[in-house]
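Each remark here refers to the structure printed beneath this line.
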Amino acid sequence: MDNEVGLAFLACVSGSLIPAGCLVATGYVSCNVLLAVILIIAAIGFSGITTACWTVNHLDLAPRYAGENIVIITIIIIIKRIKQTNLIHLQSSHSRAS
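Numbering (this note's numbering), first residue to last: 7 to 104.
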């Protein structure tokens with residue numbers, strides 16, 4: 007196994023399992039708001055480890071254009087999230103009007 011592939015696999019696994027464990031543990035916290043907030047913040051923080059998974063794909067597929075590919079995909083994701091927010095707002099305003 008190539009060293010980069012092993013590190014990417016480790017990042018994918020740890021970036022998925024650690025946040026999952028934190029979120030499951032949050033469900034078992036009884037009335038301790040501070041601990042619940044700390045666990046949710048840890049889950050969000052550790053989920054950033056998965057970035058190493060998909061950036062390696064860009065470097066493997068097109069090393070010369072990896073930066074441009076990441077920028078284009080990031081722009082598409084941002085536009086999608088803005089549209090999702092607008093759609094959720096429209097749906098919630100329709101449910102309040104009914």
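Glycine is no exception: its CB is placed at the ideal position from the N, C-alpha and C atoms. The model shown is predicted, which means the values in this text are computed figures rather than measured ones.
Could you give the DSSP three-state label for N75: helix, strand or coil?
-> helix
To the nearest angstrom, how far is it from the Cα of N38 to the Cα of S20?
-> 26 Å
Would you check if the distance between the CB atom of A17 and the CB atom of A58 is smaller than 7 Å?
-> yes
Which of helix, strand or coil does DSSP assign to N92?
-> In the three-state reduction of the DSSP assignment, N92 falls in the helix class, which pools H, G and I.
Residue range of the alpha helix (DSSP H) that C59 falls in?
-> 57–67
Would you give the residue range spanned by the alpha helix (DSSP H) that S53 belongs to?
-> 39–53
Is the distance from the Cβ of C28 to the Cβ of A48 below 7 Å?
-> A contact, by the Cβ cut-off of 7 Å.
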